[in-house]
Structure formats: structure tokens, C-alpha cells
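Protein chains in written order, with our numbering: chain C, 1 to 189; chain H, 1001 to 1358.
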């Protein structure tokens, strides 16, 4: 499917591709074109800023896959994203134990999955993940646990440790319509 | 008075019958029975379908082992939240149907209320008391002032303490569940004369205002030490065990500090807690128990720790919460729906994690 909904909506609004306001073309292009350039996040505040920059781009039906090792900042990023969408003031406990938490946002229900404890991809059906994909905004930690059940149309954010203990590197890997939609991302560090 | 309790909020399918004299007549948890394979087959760790497959037979077994019929219980209590919606729906729908068919009252129980009231089942303690609930999914302090009167004083802004143990064990290459593995490794390190302060892990939130917990930064700090010592999966046994000791010390110190603050706040606000109650799987850790016992002693209070069977997911505490609620005048709650999110203290100030540093 080469014509995902984000692209359709963008055309419907009469926006040419790449017509984000005030984005930094050099950085975003470098971050998204090859999908393997890394955005440095100097500290937790930078993570919060990246999440806040991504939040306005999100729509129902979106899937954000957060990959990275233990302690790389997946939950921290998810928390910032949920905070940005709900207008902060929302508690976002780690869903490792509960597997999923849902939050009401102005854009619809956001589902925060943590599949760390999943033994088989099919177990995700028991968590209602299909319904979530249907009409929610879905943020998934440990997305690799889903195997082939992970939707192809998604934005993967890979978090890695950087040399400085507080710093992280984020790689945004767009798939489908996300390549185009990421041009609207306003983030310069 | 007898109440049938049903618990399906997470991994465990459980049914129990408890009476008003604090007697647990029968207390069945499917995973514990599974080794006897009474129903055959494997229990998947996460499965609403598993609850559906087993709850009816488990309930029948509870009634049979309790030597009674459904007509001889006074009410049916089921966990209605918080938890996984699939499992909650199974328990709540099954409980409501049983209640309707037998003409009994149905009670929708908050899982956390079950934990909060469990020391009154095990130890018969009087209100008010301070509860520290520490498990894989929960880490909070509650002032339990009476039935339905719960005030949350502190909660984790990120990971639960049990999660810190599990993920710490993973980083150290120790087994699952992490709590017992860390405790055993720490004991080896102590026996070998390791210095618990050798690896200066942070003491999350120590001395900070408020009563909230945070364990995410500790996980990151542990990872840094592991990398510095050779990397994940490449630690020498002595280093690995010494790090486990350091982790356990850090978690114990943090829990003790936050709990002492919660106790001081409760006392400062005029509450006179009768005990410090420590519940949840993490309370099984001897080092943590010892440090919390010291907190209680310093405050001149006894420390009460309900038995492990009441600290993990179980239906006896749900049945008991039903009895307490009935005594407090609760009516039929067949119209109450399952709720994946259900804070025990909806008025608690939000504990928002972003920016909180260990």
C-alpha cells in the first residue's frame, strides 16, 4: 500500500509534500531519508522535546514502535508523548506488568503497550491490540515481540545509549506514509 | 457471612470463599493447581481465554472443596479493575451471571482495595494504618482510614520496585523472577564479604520532598556499571553478585526512605496509624522487610506483613473486601462495569514522571 492515509489527508488539506511549517529541512531530511541517521538527545529534556514535536503529527490509526534496550528510555519517551497529547498532568506508569495502559486524548484513545512479557506474538490478541490498531493511537514498547503482527505502516523510533550517560540517540525509521509525514516534524535538538 | 471471590485481573485465575470470622475456607489459584493438571493443558501466561476456560471449573472446585453450594454463600465479589480488560470482563460477567442466577448480591471490587484490606483478613488490625504495596505492577503508599477511605500518599513516577528487581536481574544475567534471584545473589556476595557500597548505585529519591518512588534511573545506573565491568552477559560472578547486593541495598534504602516520609506525613496530619503494613511480592525480600521493620520501629509501630498467598494475585482478598464492603452497607453492584484503570484514590495529586531524576 503506497498511498497511506497520512498522504491522503495531506493532499486533502492542499499541502504539498514537505510543507511543514518551520521544520529544519537539513536535519529532518537527513533523519528520515535513509532512516538510519541519528538524532542526538542530549538529556531527558531533549527526549521530552522530541516527543512534543511528534505529538501534533499523530492521528488515529497511527502506530509508533519504540525499540531499544532496557533503560534506553522507551517508557520515558512514551510518557513524554502521552504528556504532550493529554496536556500533561497525566500519570503514566510503566506498563511492563499491566502490558497495556490506555489514555483518553483529544485525538482519540492512546494505547501504550509494553510487550516485554509477551511469550508469543499471538498473545497480543488477548490484549485487544487489534481494536487498538483499528481506531487508536498505538505506542508499542518491545515491538519486535509482535513479529509479523506488527503493522507495516508505522514509525519506528529506535533509542540507543550515547557516550554521555544521560544522553541518547534516536533513529526515526519511517515506513509507508510516515516518510512524508515526518517532514512536518519541527525538532532541532 | 460468606462471600465467593473471583480474581481475573491479570495472569492468575483465582476463586476463594472467605467468611466473616476471617476464615479462608478455600483459596484456589489456577497456576498453583496446574502442576496437578486437574484440567489438563498449559496455562498461558497472558490469556483472557484461559480465564474463560477455567473460571467455571475453578469456582465449582472452590464450592466443592468448601463443602457448600452457591446457595450457601451470601454474595459474589469479583475484581472489576484495575487490570487487563479481557480478563476483567470474564470475571465480572461470570460473577454477575452467577449472582443473577442464584439471587445473590454482586460486588465489584477494586483489586487494590483487596490488597489494602488484606491485613485485616490476615491479622485483624484496626484502622487507620499505612500500607506500602510493593509488587511488579504497584509501588504505592496508602493511608487506609476505613472502608472506601483510602488516601494515596506516594506512588511510583515510573517503574515499580518489583520491576526494578526483574529488570535488574535481566541486566545482571540472573534468572526470572528477578526478586528471588537478586536476593540469592546478594546473599552470596555478603557471604563472600562484598562491600555493599563498592558500587555506588544511586538511592532513588532519597531525601527528596514528597513520598513518591522512582526506579527507572536506578535501572539505567545499574546498566552503566554492568557495561563498565565487561558488559551484559559478561560479568564475573563476584561482580555480578556484588552488583545484585548494591541493587538490593539501593531499592531497600529508597523504599525505607519514602515509606518513612509517608508515615511521618500521615502522623503529622493527625492520623494515628496502628501499624505499617507491607504487602506485595517484593515484601518477601528479607533485606527489604528488615529495613521496613526498622522504619516501623522508629515510628513506634508494629510492622504487619500478610502471608505471601495474600500478597500475590488471589481471590481471598477479593472475597474479604466483599465482606468488608457488605458490612459497610454496600448494595448490589451488578450495574458496575469492568474498569481497566481504577485509582483507589481518585483525588490523589498526580505523580508525573517526566523530569524526575533518580
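From the three backbone atoms N, C-alpha and C, an ideal C-beta is built for every residue, glycine too.
Output yes if chain C places a C-beta closer than 8 Å to the C-beta of residue i; else output no.
i                      : result
residue 999 (chain H)  : The requested residue 999 (chain H) does not occur in the structure, where chain H is confined to residues 1001 to 1358.
residue 1224 (chain H) : yes
residue 1338 (chain H) : no
residue 1042 (chain H) : Any reading at residue 1042 (chain H) needs caution, since the residue's pLDDT is 36, under 50, leaving its predicted position unreliable; the model's value is listed next. Closer than 8 Å: no.
residue 1279 (chain H) : no
residue 1203 (chain H) : no
residue 1216 (chain H) : yes
residue 1234 (chain H) : no
residue 1327 (chain H) : no
residue 1297 (chain H) : no
residue 1045 (chain H) : Summary for residue 1045 (chain H): the model assigns pLDDT 48, below 50, so the residue's position carries little reliability, and this model does not support an answer.
residue 1355 (chain H) : Confidence at residue 1355 (chain H) is low in this model, with a pLDDT of 45, below 50, so its placement is unreliable and the value that follows should be read with caution. Closer than 8 Å: yes.
residue 1022 (chain H) : no
residue 1308 (chain H) : no
residue 1096 (chain H) : no
When the cut-off is 8 Å and only beta carbons count, does residue i lie next to chain H?
i                     : result
residue 87 (chain C)  : no
residue 93 (chain C)  : yes
residue 169 (chain C) : no
residue 98 (chain C)  : yes
residue 189 (chain C) : no
residue 177 (chain C) : no
residue 180 (chain C) : no
residue 141 (chain C) : no
residue 90 (chain C)  : yes
residue 183 (chain C) : no
What is the rounded straight-line gap between the Cα of residue i and the Cα of residue j?
i                      : j                      : result
residue 112 (chain C)  : residue 141 (chain C)  : 8 Å
residue 143 (chain C)  : residue 115 (chain C)  : 7 Å
residue 1129 (chain H) : residue 1014 (chain H) : 27 Å
residue 107 (chain C)  : residue 1083 (chain H) : 24 Å
residue 171 (chain C)  : residue 1088 (chain H) : 38 Å
residue 1119 (chain H) : residue 1342 (chain H) : 21 Å
residue 58 (chain C)   : residue 179 (chain C)  : 13 Å
residue 1031 (chain H) : residue 1012 (chain H) : 7 Å
residue 1121 (chain H) : residue 91 (chain C)   : 31 Å
residue 1209 (chain H) : residue 1136 (chain H) : 24 Å
residue 23 (chain C)   : residue 84 (chain C)   : Summary for residue 23 (chain C): the model assigns pLDDT 40, below 50, so the residue's position carries little reliability; its value from the coordinates is reported in the next sentence. C-alpha separation (whole angstroms): 19 Å.
residue 1110 (chain H) : residue 1052 (chain H) : 20 Å
residue 1184 (chain H) : residue 1134 (chain H) : 19 Å
residue 944 (chain H)  : residue 1050 (chain H) : The structure shown does not extend to residue 944 (chain H), since chain H spans only 1001 to 1358, so no value can be given for it.
residue 1295 (chain H) : residue 1076 (chain H) : 38 Å
residue 42 (chain C)   : residue 166 (chain C)  : 7 Å
residue 1102 (chain H) : residue 1070 (chain H) : 7 Å
residue 1143 (chain H) : residue 39 (chain C)   : 45 Å
residue 132 (chain C)  : residue 48 (chain C)   : 24 Å
residue 998 (chain H)  : residue 181 (chain C)  : Outside the shown range of chain H, which is 1001 to 1358, sits residue 998 (chain H), and nothing can be said about it.
residue 967 (chain H)  : residue 163 (chain C)  : This structure cannot speak to residue 967 (chain H), because chain H is shown only from 1001 to 1358.
residue 177 (chain C)  : residue 183 (chain C)  : 11 Å
residue 1305 (chain H) : residue 1332 (chain H) : 32 Å
residue 1146 (chain H) : residue 1139 (chain H) : 21 Å
residue 197 (chain C)  : residue 130 (chain C)  : No information on residue 197 (chain C) is available, as it lies outside the stretch 1 to 189 that chain C covers here.
residue 1314 (chain H) : residue 1249 (chain H) : 29 Å
Answer yes or no: do residue i and residue j have a C-beta to C-beta separation smaller than 8 Å?
i                      : j                      : result
residue 1199 (chain H) : residue 1225 (chain H) : yes
residue 1282 (chain H) : residue 1165 (chain H) : yes
residue 127 (chain C)  : residue 99 (chain C)   : yes
residue 1323 (chain H) : residue 1244 (chain H) : no
residue 1334 (chain H) : residue 1099 (chain H) : yes
residue 174 (chain C)  : residue 63 (chain C)   : no
residue 80 (chain C)   : residue 1160 (chain H) : no
residue 1193 (chain H) : residue 1179 (chain H) : no
residue 1246 (chain H) : residue 1202 (chain H) : no
residue 1206 (chain H) : residue 1254 (chain H) : yes
residue 1302 (chain H) : residue 1085 (chain H) : no
For this session: Take every Cβ of the region 1100-1116 of chain H, pair it with every Cβ of the region 65-75 of chain C, and state whether three or more of those distances are shorter than 8 Å.
Result: No: fewer than three Cβ pairs fall under 8 Å.
For this session: Could you name the residues of the region 43-55 of chain C whose beta carbon sits closer than 8 Å to any beta carbon of chain H, in the order they occur along the chain?
Result: Per Cβ criterion, the list reads 44, 45, 48.
Problem set entry | Selection of the region 147-172 of chain C by Cβ proximity to chain H, strictly under 7 Å | Listed in chain order, the positions of the region 147-172 of chain C with a beta carbon within less than 7 Å of a beta carbon of chain H are 165.
For this session: Output, in sequence order along the chain, the residues in the region 57-78 of chain C whose CB is closer than 9 Å to any CB in chain H.
Result: Listed in sequence order: 69, 70, 71, 72, 73, 75, 76.
Exercise. Does the region 1179-1196 of chain H come close enough to the region 1252-1270 of chain H that 3 or more CB-CB pairs lie under 8 Å?
Worked result: Judged by Cβ distances under 8 Å, the region 1252-1270 of chain H makes no contact with the region 1179-1196 of chain H, as fewer than three pairs qualify.
For this session: Would you list, in chain order, the members of the region 1099-1123 of chain H that have their beta-carbon closer than 8 Å to a beta-carbon of chain C?
Result: Answer set for the region 1099-1123 of chain H: empty.
Exercise. Can at least three beta-carbon pairs, one atom from the region 1160-1175 of chain H and one from the region 1318-1330 of chain H, be found at a separation below 8 Å?
Worked result: Flag = no, the region 1160-1175 of chain H and the region 1318-1330 of chain H do not touch.
For this session: Identify each residue in the region 1135-1161 of chain H for which the Cβ-Cβ distance to at least one residue of chain C is less than 7 Å, and report them in chain order.
Result: Residues 1136, 1137, 1156, 1158, 1159, 1160.
Problem set entry | Three-pair Cβ contact test at 8 Å for the region 1272-1279 of chain H versus the region 1123-1140 of chain H | At 8 Å Cβ cutoff, the stretches touch.
Exercise. Taking any Cβ of chain H, which residues in the region 122-136 of chain C have a Cβ under 8 Å from it, in chain order?
Worked result: Listed in sequence order: 123, 126, 127, 128.
Exercise. Does the count of Cβ pairs from the region 1202-1214 of chain H and the region 1227-1236 of chain H closer than 8 Å reach three?
Worked result: Under the three-pair Cβ rule at 8 Å, the region 1202-1214 of chain H does not count as touching the region 1227-1236 of chain H.
Exercise. Taking a cut of 7 Å between CB atoms, which residues from the region 1161-1191 of chain H lie near chain C?
Worked result: Residues of the region 1161-1191 of chain H with a Cβ closer than 7 Å to any Cβ of chain C, in chain order: 1163, 1167, 1170, 1171.
For this session: Could you name the residues of the region 1238-1272 of chain H whose beta carbon sits closer than 9 Å to any beta carbon of chain C, in the order they occur along the chain?
Result: So the list is empty, because no residue satisfies the distance condition.
For this session: Check whether the region 1299-1311 of chain H touches the region 1063-1073 of chain H, taking contact to mean three or more Cβ pairs, one atom from each stretch, closer than 8 Å.
Result: Taking 8 Å as the limit for Cβ pairs, the verdict is that the region 1063-1073 of chain H does not touch the region 1299-1311 of chain H.
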